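One structure is given below, encoded as structure tokens.
Number of protein chains: 2
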Amino acid sequence: MTGKQISSVWTRDARPARTPGRTREEIARATLELLDAEGLDGLSIRKLGAKLGAGATSIYWYVENKDELLELAYDEIWGEITLPIPQSLGWRDTVSAFAYSMRHVMLRHPWVGSLIGRLPALGPNALSMSDRLRKTFRLAGFDGMDIDYANATLTAYVLGTVIPEIAWSATMGGEELDKDAMRETFEHVARDFPDLLERLVEVNEEVTVSETDTLRAVSFDFGLVAVLDGLEARLRS
Amino acid sequence: MTGKQISSVWTRDARPARTPGRTREEIARATLELLDAEGLDGLSIRKLGAKLGAGATSIYWYVENKDELLELAYDEIWGEITLPIPQSLGWRDTVSAFAYSMRHVMLRHPWVGSLIGRLPALGPNALSMSDRLRKTFRLAGFDGMDIDYANATLTAYVLGTVIPEIAWSATMGGEELDKDAMRETFEHVARDFPDLLERLVEVNEEVTVSETDTLRAVSFDFGLVAVLDGLEARLRS
DNA sequence: GACGACTCTCGTACACTGTGCGAGTGGATT
DNA sequence: AATCCACTCGCACAGTGTACGAGAGTCGTC
Numbered sequence: 000m001t002g003k004q005i006s007s008v009w010t011r012d013a014r015p016a017r018t019p020g021r022t023r024e025e026i027a028r029a030t031l032e033l034l035d036a037e038g039l040d041g042l043s044i045r046k047l048g049a050k051l052g053a054g055a056t057s058i059y060w061y062v063e064n065k066d067e068l069l070e071l072a073y074d075e076i077w078g079e080i081t082l083p084i085p086q087s088l089g090w091r092d093t094v095s096a097f098a099y100s101m102r103h104v105m106l107r108h109p110w111v112g113s114l115i116g117r118l119p120a121l122g123p124n125a126l127s128m129s130d131r132l133r134k135t136f137r138l139a140g141f142d143g144m145d146i147d148y149a150n151a152t153l154t155a156y157v158l159g160t161v162i163p164e165i166a167w168s169a170t171m172g173g174e175e176l177d178k179d180a181m182r183e184t185f186e187h188v189a190r191d192f193p194d195l196l197e198r199l200v201e202v203n204e205e206v207t208v209s210e211t212d213t214l215r216a217v218s219f220d221f222g223l224v225a226v227l228d229g230l231e232a233r234l235r236s
Numbered sequence: 000m001t002g003k004q005i006s007s008v009w010t011r012d013a014r015p016a017r018t019p020g021r022t023r024e025e026i027a028r029a030t031l032e033l034l035d036a037e038g039l040d041g042l043s044i045r046k047l048g049a050k051l052g053a054g055a056t057s058i059y060w061y062v063e064n065k066d067e068l069l070e071l072a073y074d075e076i077w078g079e080i081t082l083p084i085p086q087s088l089g090w091r092d093t094v095s096a097f098a099y100s101m102r103h104v105m106l107r108h109p110w111v112g113s114l115i116g117r118l119p120a121l122g123p124n125a126l127s128m129s130d131r132l133r134k135t136f137r138l139a140g141f142d143g144m145d146i147d148y149a150n151a152t153l154t155a156y157v158l159g160t161v162i163p164e165i166a167w168s169a170t171m172g173g174e175e176l177d178k179d180a181m182r183e184t185f186e187h188v189a190r191d192f193p194d195l196l197e198r199l200v201e202v203n204e205e206v207t208v209s210e211t212d213t214l215r216a217v218s219f220d221f222g223l224v225a226v227l228d229g230l231e232a233r234l235r236s
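Protein chains in written order, with numbering that gives the first Met the number 0: chain D, 0 to 236; chain Z, 0 to 236.
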């Protein structure tokens with residue numbers, strides 16, 4: 000049981016809750032709120048300390064370094080994602096609901112976009128979700144390693160769709176979706192690719208602000224259906 | 000042509016190359032090398048200045064801020080990815096080759112994992128690749144918006160697979176793949192999910208270091224085939 | 001050749017960051 | 001009452017991104 004482990008908050012047990020002192024949950028929650036309010040760059044140990052009514056460096060009693068703090072907040076996210084109980088729906092509807100939930104949660108906490116490539120998902124919420132997804136795929140008829148492959152494929156699709164979406168919103172959303180500015184930007188950067196430019200401008204013109212979301216949702220759905228079809232084909236063979 | 004645009008290096012033209020002074024390419028290349036050598040946290044303006052034999056703040060003549068520097072390096076990455084000329088192979092083989100190339104390039108430059116959720120891909124190399132992918136999908140028989148949907152789906156799958164892979168390597172790879180340490184870690188963090196734990200340990204045990212890569216490649220291929228099957232189904236209807 | 005304009009460099013300075021250290025505090029155990 | 005230990009936190013250090021403004025070098029025009 001003892002011996003060197005991989006470095007992560009989750010490889011050490013939380014300190015037992017005592018009368019003085021904070022809990023991991025408290026700290027995770029506060030970090031999450033700060034991240035939601037001010038983004039990844041807005042989070043600093045000193046600000047977090049202030050928010051908790053504590054001295055800046057007190058946090059280091061509970062956490063080895065800033066990355067571990069981010070691991071805590073990251074796992075909170077996984078806890079917000081919902082997955083219907085497997086038996087209630089067909090597997091396609093079940094995992095679709097998961098995919099949509101995951102997308103929404105990520106868009107609500109856009110800073111995860113920069114963390115997924117840096118921190119492993121080893122927290123209890125992430126693992127619990129992984130466990131439940133595996134059960135869902137097994138119930139659907141997948142077997143052995145295919146369970147994990149299917150799982151990975153679905154999750155990859157969602158991540159890969161949402162992460163660039165976040166980057167896009169971060170750059171374009173800041174300017175309050177100024178259509179003319181965007182058209183000019185496109186015309187400038189894509190001036191050597193008339194084909195691509197035409198499509199970019201077209202999409203930019205014909206769609207109102209609120210319809211942008213719908214369009215993205217349609218695109219998300221297209222890919223999701225394709226992925227599920229592909230997985231289903233694997234199931235039948 | 001004038002007017003406010005979206006904030007990105009690519010919305011401003013590069014300064015014309017003069018006798019003194021660096022070029023964007025020079026700076027992009029140096030940034031890339033520094034990132035490859037020292038990672039995202041290892042990149043600082045001062046270090047980059049030193050590497051270029053320039054004063055630290057000279058870089059700000061060519062670039063508005065550090066993010067724009069990262070945009071330059073990010074686009075270099077897109078330039079390393081290869082896509083066979085569409086007509087030479089069937090569309091499935093063509094986009095498969097692209098997917099594998101993209102995966103390898105990303106794994107070679109693991110710091111991109113943290114950038115994709117933060118910076119838009121508006122550089123010439125990224126757009127050129129996007130343009131060529133669109134042509135490939137059109138040639139395959141996709142039409143209208145389906146071209147872009149298919150494009151997005153494929154790219155999402157690759158990104159979503161590789162990004163967590165990078166995070167994993169960053170945490171586990173540092174400890175030189177100590178098998179026992181990993182087993183202990185798993186047993187600790189996944190102790191409440193016996194099913195998942197069994198699989199984690201099993202995979203960890205039965206596989207040698209070099210086979211880890213193979214296993215990941217197999218998993219990647221499984222999902223890729225599923226995605227392509229799903230897209231092909233869309234093509235037939 | 002002289003002058004002015006412009007491109008480009010860079011030293012200094014400022015506010016801010018993560019975090020090591022070690023002295024301090026206050027409640028529980030003996 | 002004495003001891004221990006979980007916990008707090010001020011200070012300090014090295015490092016960060018970047019604003020600013022003074023200078024150097026090069027060009028075009030008279």
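Built from N, CA and C at the ideal position, the CB exists for glycine as well. In this text the structure is predicted, and so the values were computed from the model without any measurement.
Beta-carbon contacts of L132(Z) that lie in its chain and below 6 angstroms, excluding the five residues immediately before and after: N150
Beta-carbon contacts of T1(D) that lie in its chain and below 6 angstroms, excluding the five residues immediately before and after: In this predicted model, T1(D) has a pLDDT of only 41, less than 50, meaning its place in the structure is not dependable; the value taken from the coordinates is given anyway. Nothing listed; no residue qualifies.
Excluding the five sequence neighbours on either side, which residues of its own chain have a C-beta within less than 7 angstroms of the C-beta of M128(D), listed in chain order? W77, I80 and L82
Please identify, using Cβ separations under 7 angstroms, the residues of the stretch 7-30 of chain Z that lie next to chain D, in order along the chain. S7, W9 and T10
Pairwise C-alpha distance: E67(Z) and W60(Z): 12 angstroms
Taking 7 angstroms as the CB-CB cut-off, is R117(D) touching chain Z? yes
Under 8 angstroms, CB to CB, which of the residues in the stretch 157-177 of chain D have a partner in chain Z? V157, L158, G159, T160, I162, P163, I165, A166, W167, A169, T170, M171, G173, E174 and D177
DSSP on A53(D), reduced to helix/strand/coil? coil
Should V118(D) be labelled buried (16 or more other beta-carbon atoms within 10 Å of its own) or exposed? According to the sequence displayed, residue 118(D) carries Leu and not Val. Buried.
Neighbouring residues, chain D, relative to M128(Z) (Cβ below 9 angstroms): Simply none; closest approach about 10 angstroms.
Among K178(D), D228(D) and H187(D), which residue has its Cα nearest to the Cα of E205(D)? K178(D)
Give me the Cα-Cα distance between R182(D) and F141(D), rounded to the nearest whole angstrom. 46 angstroms
S135(Z) touches chain D at which residues, Cβ-Cβ below 8 angstroms? Ser is not the amino acid found at residue 135(Z); the sequence shown has Thr there. Those do not exist, as T135(Z) stays about 12 angstroms from chain D at its closest Cβ, beyond 8 angstroms.
Out of A120(Z), L31(Z), H108(Z) and I58(Z), which one is the CA nearest neighbour of A166(D)? A120(Z)
Where the stretch 95-118 of chain D meets chain Z: residues whose CB sits under 7 angstroms from a CB there: G112, S113, I115, G116, R117 and L118
When you compare only the Cα positions, how much space is there between F223(D) and A225(Z)? Rather than Phe, the amino acid found at residue 223(D) in this sequence is Leu. If you take the alpha carbons of L223(D) and A225(Z), they lie about 11 angstroms apart.
For S209(Z), the three-state DSSP class (helix, strand or coil): helix
Restricting to runs no shorter than 4 residues, where is the alpha helix (DSSP H) found entirely within the stretch 117-146 of chain D? 123-139
Do V157(Z) and A98(Z) have their C-beta atoms within less than 7 angstroms of each other? yes
Any C-beta of chain D sitting closer than 7 angstroms to the C-beta of G2(Z)? At G2(Z), the pLDDT of 46 sits below 50, so the modelled position is not reliable; the number obtained from the coordinates is stated separately. Yes, G2(Z) lies at the interface with chain D (some Cβ there is under 7 angstroms from its Cβ).
Please decide whether G229(D) counts as near chain Z, where near means a Cβ-Cβ distance under 7 angstroms. yes
Contact with chain Z by F141(D), beta-carbon distance below 7 angstroms: no
In three-state terms, what does DSSP make of I58(Z)? helix
For T160(D) versus F221(D), is the C-beta spacing smaller than 7 angstroms? no
Pull up the distance between the alpha-carbon of R91(Z) and that of N124(D), whole angstroms please. 37 angstroms
To the nearest angstrom, report how far apart V202(D) and E201(Z) are at their CA atoms. 48 angstroms
Starting from V111(Z), trace the alpha helix (DSSP H) in both directions and tell me its first and last residue. Element bounds for V111(Z): n/a, residue is neither H nor E.
Chain Z contact for R233(D) (CB, 7 angstroms cutoff): yes
Using beta carbons (cut-off 7 angstroms, strictly below), is L68(Z) in contact with chain D? no
Between L51(D) and A27(D), is the Cβ-Cβ spacing less than 7 angstroms? no
Could you spell out the range, first to last residue, of the alpha helix (DSSP H) harbouring V8(Z)? Segment: none, V8(Z) is in no alpha helix (DSSP H) and carries neither H nor E.
Using the beta-carbon of each residue, which ones in chain D are nearer than 7 angstroms to A155(Z)? Y156, G159, T160 and G222
For F192(D) and I74(Z), believed in contact at Cβ under 8 angstroms, the rounded distance: As written in the sequence, residue 74(Z) is Asp, which differs from the Ile given in the question. Actually they are not in contact, since the Cβ atoms of D74(Z) and F192(D) sit about 14 angstroms apart, beyond 8 angstroms.
What do you reckon, are the CB atoms on A232(D) and D228(Z) nearer than 7 angstroms? yes
At least one CB of chain D closer than 7 angstroms to the CB of V226(Z): is that the case? yes
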